[in-house]
Each structure stands twice: as structure tokens, then as C-alpha cells.
Amino acid sequence: MKTATAATPSDASPARPALDPRTRRLLEGPIAPTLLRLGAPNVLVMFAQAAVGLIETYFIGQLGTDALAGVALVFPVVMLMQMMSSGAMGGGIASAIARALGARRREDANALVLHAVLIALAFGLVFMAAALLGGRALYAQMGGRGASLEAALLYSNCVFAGAVLVWLFNALAAVIRGTGNMAVPATVTSVGALLLVPLSPALIFGWGPLPALGIAGGAIALLLYYALGSVALLAYLRSPRSLLRPVWRGVPLRWPLFRAILGVGIAGAISTIATNLAIGIATALVGGFGAAAIAGYGTASRLEYLLVPLVFGLGGPLVAMVGTCIGAGQRERALRATWVGAGLAVLITETIGIAAAVWPHAWLRLFDTDPAMLEAGALYLRTVGPLYGFFGLGLVLYFASQGAGRLGWPVAGNLARLAVAGAGGWLALRWGQGLAGVFLAQGVALVVYGLINAVTTAGGAWFGRVGWPATPGRLMKRMAGAQAAA
6 MKTATAATPS DASPARPALD PRTRRLLEGP IAPTLLRLGA PNVLVMFAQA AVGLIETYFI
66 GQLGTDALAG VALVFPVVML MQMMSSGAMG GGIASAIARA LGARRREDAN ALVLHAVLIA
126 LAFGLVFMAA ALLGGRALYA QMGGRGASLE AALLYSNCVF AGAVLVWLFN ALAAVIRGTG
186 NMAVPATVTS VGALLLVPLS PALIFGWGPL PALGIAGGAI ALLLYYALGS VALLAYLRSP
246 RSLLRPVWRG VPLRWPLFRA ILGVGIAGAI STIATNLAIG IATALVGGFG AAAIAGYGTA
306 SRLEYLLVPL VFGLGGPLVA MVGTCIGAGQ RERALRATWV GAGLAVLITE TIGIAAAVWP
366 HAWLRLFDTD PAMLEAGALY LRTVGPLYGF FGLGLVLYFA SQGAGRLGWP VAGNLARLAV
426 AGAGGWLALR WGQGLAGVFL AQGVALVVYG LINAVTTAGG AWFGRVGWPA TPGRLMKRMA
486 GAQAAA
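Per this note's numbering, residue 6 is the first one in the sequence shown, and the count goes up by one each step.
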């Protein structure tokens, strides 16, 4: 099973331009040190972005369990937007630019910036309209009632009124990551997170001339973070330090450039929707046990969401390295880089998962001390935490497949995860297994996701039909055939 690789625009002149040192490092540098060097600032930026949400959740938790439950209801939808804009469509943007630079098509890479911004603006408007018009029905379906539902609506309406800012920020960061520069997005995000530490409580609780806005204050602080960050990223792209020289006026819009982004981004978006549907369905299943159970599961599952930016810390450089190598025809190096990144991702996520299972209250008490909330959250972490390594494996292979422009099997893996999580959780309730059964289904779903991505990638899914077992000689022969066909 595979998706068609996005068409590669070709406007290159006969004289091939020299490679930029950053591009050459992706093609020729030692794989593990290069990934770690590029991943260090990217892990920092992902920690900072995760910290943004955690800071906000900490302060909103001081408003009570209903406010925390309201944010838990909205959180899967916010993360859907974050993951689609940064991981899915952002991965498509970074992959398209990396492949263009690897093939020495600098003019295409420059033009892709405008196309990426237009795509981001369009998706931002769609998210804004969908959340503002359908929020009440969605959150009620997920189990929101009374005060928790009203808190969810207030928070959701404030956040999604500025959805375009979130999409613009993540698109610009992806453009810069596609060039192999992870430091600039890391710096902008980290500085913004530091500013959010005093700004969020000031707007939530009031300070000096600022009124106490409650749960809405957290949302407004978040949007200010994205607005200022977008201005900073645009300023960098206009500076002499930027590898790209985007032109904003008079650039003809070309479908092949849109397709180079959307061919990867839309497949990634389907995968992202499946991920967040799995969380949303689990939230709905948990909703029958009350607001405290929703708050406990929502707070515990935030740790799983935290794994996404952590793995993306490696996945961002992996998209750039794999995409650049694929563009330059170095398919064997692209595959080697993938397995190096996979090993690192499994190590990180499994370590965190085991720690969470052993000491669940160390995480949960950061947000609330309600006994019922702690009980539900601890049950989730003890059940699912030890299986987080499979989630890290599947996710990092998803990012590598973005760089290769081959997302068919990662999408299938995520759809399988959704089916197992949803059907398994429903059956658990039907059979009287309660929360423990619902959470066990979530854990099994992570195992299915990781194994499908690993088996198909190892079986040569990037280079044609999956064949198993895939010996190194067989894979090399298949890569040679794919290169000849290209």
C-alpha cells in the first residue's frame, strides 16, 4: 500500500547551483551526530511548545475541576490543529523544501514559501469556522455537561478565533526547518514560552491594570504567543541570514508546488485526524464516569501528547535529512538515517512511559489534587505508559516517511490504531471492564500502530510493494530500480 509521491517541479537550469553547507551536511555528514546536533535545538523548541500548554493548564487548574475538565474537552481539538499545522502540513512543507534543495532547485524552494503560507491561511480559516460553529455539539458529544461544557466553549471560542495565527506560525517554522535550520524556530519558540510564564497568569487572574479574564485569559495569552512568534519568523526569512529568498508579490501560483506540499500534508492530516479521534473517542468513553474522570484522563493523556513534540524533536531533522537525501538520489542513506532516528525515539519514549507508570502522581499532582481525578489518571498511566515506546517507534517512522514522500502505510497504521482504540474501548464498556478496559484498548492500539509502521518500512514500502522478509540486498536492488525509474 502506498501513496503517490508528490510531483517534483522542475525548473532547474543546466548549470546546477552549488550546495549550501547546511544542505551538504544533510547529504554527507555522519548520520547520528548530525541528527543529534540538529535535534538538540528542535527538542528544545518542542519542549518549549509543550511547556506553553502545560503552563496554561497549570494556571487554569487553579480555577477548579470544571475549568480543568473544560480544557480537557477542548485539548484534543487544539492538538489536532497543532499536529496538523506543525506535524502534518508542516511536514509536507519541510519535505517539499528539503527535496527541492536536495535537487538544487533553489527557485522552486523560494516559491514554495508563498504557497506554504497560502495553504496555512486557508486551513486556519477552516478550523476557525468549524470550531466556532460546531463546538457546542462536539464537546457535548464528548461528555461535556453543565459548567465544564460552558468552560470548554469559552476557551474554545477564544482559541479558535485566532486559529490563523497558529497555522501561520507553524508553517513559517516548517519552512525554516526544511532548510536544515532548527535553531531559529527553537529560539523563537523558547523566548515566546518564557514570555508566556508571566503573561498567562496575569491574564487569567488579573494583574495591575489587566482584568481577571479567567479561562479566556489563558487562550488570549496563547494567541499573543503565536502572533509575536510569526512576526519574528517572518523577520528572519526577510534577513540576509536566511537560506531562502521568498518573494511575496508577483510570484505565479503553480499547482505542482501546491501538490508538492499537499501530497504529503494531506496524507499526514488524515493520520493526525486518526490520532486525535482516538483520543477524542477515549475522552467520550471516559465521559460517562463523570467530570473528574474526564479531567484525570485528559491530564494523563497530556503526557502522551508531550511525547509528540519530543519525538518531533528528532522527526523534524529526520524529515529534512530524508527529504534532502531522497531529492539527491541517496536512498540508502535516507533509510539508514531513519533507523538511527527510530532507535533514539524508542529509547526516549519508553523511558518516559516507564517513569510515568511507576510514579503517576508526580505528573498528575502538577495540575490537580482531586482524589477521583488522580485515581483515573494513575490508572491510565500505569496501563498505557509501559507501551509508549511503540508510540515513539510509529511516530518517528511517520516523520521519516514524510521526508520520503511516502505516507500510505503510516496512514494505514494510524487508522488501525483508531479502530483498535475505538472498538476495543466500546467493547470493554459493553463487557463491564470499566476504565481499565478502555485504557487497555488504548495501549494495544499503540502497539498495533508501532508494529505496522516498523514492518512496512523495513519491508521496503518507500520503494514499491512491501516484501517480507526484506534483506539488505533485496532493498538495495529495489532502491536501484526506483532510482532508475525516476
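Beta carbons: idealized from backbone N, C-alpha and C, even for Gly.
With contacts defined as CB atoms closer than 8 Å, valine 324 and glycine 408 qualify as a contacting pair. Per DSSP, reduced to three states, the secondary structure at tryptophan 212 is strand. The shortest C-alpha to C-alpha distance from leucine 208 to any of Val193, Ala224 and Val196 is the one to Ala224.
For the stretch 49-123, there is no continuous beta strand (DSSP E) assignment of 3+ residues that stays within its boundaries.
Of Asp113, Gly66, Gly149 and Ile102, the smallest CA-CA separation from phenylalanine 294 is found for Gly149.
For phenylalanine 396, the enclosing alpha helix (DSSP H) covers residues 393-409. Assigned with DSSP and collapsed to three states, asparagine 458 falls in helix. Per DSSP, reduced to three states, the secondary structure at valine 131 is helical. In this structure asparagine 175 is in contact with glycine 95, their Cβ atoms being roughly 5 Å apart against a cut-off of 8 Å. Just so you know, the alpha carbons of leucine 420 and alanine 279 end up roughly 6 Å apart. Cα atoms of arginine 243 and alanine 232: separation of roughly 17 Å, rounded to the nearest angstrom. Distance check between alanine 300 and each of Leu349, Ala157 and Gly346 places Ala157 closest, using alpha-carbon atoms only. Each of Leu137, Ala417, Trp414 and Val449 was checked against the Cα of glycine 427, and the nearest Cα belongs to Val449.
Inter-residue distance for leucine 451 and aspartate 71 is about 29 Å (C-alpha atoms, whole angstroms). It is roughly 45 Å from the alpha-carbon of threonine 39 to the alpha-carbon of leucine 218. Exposure of histidine 366 is indicated by the presence of fewer than 16 other C-beta atoms within 10 angstroms of its C-beta. Just so you know, the alpha carbons of tryptophan 260 and tyrosine 144 end up roughly 37 Å apart. Note on geometry: alpha-carbon atoms of arginine 370 and threonine 304 lie some 10 Å from one another. Annotation: the stretch 296-380 contains the following complete segments of the alpha helix (DSSP H) (minimum length 4 residues), in chain order: 296-332, 336-363 and 365-369. Judged by their CB atoms, alanine 168 and methionine 89 are not nearer to each other than the 8 Å cut-off. Excluding the 5 residues flanking it on each side, proline 46 has same chain C-beta neighbours closer than 7 Å at Met187, Ala188 and Ala191, in chain order. In terms of Cβ geometry, leucine 227 and valine 164 form a close pair [threshold 8 Å].
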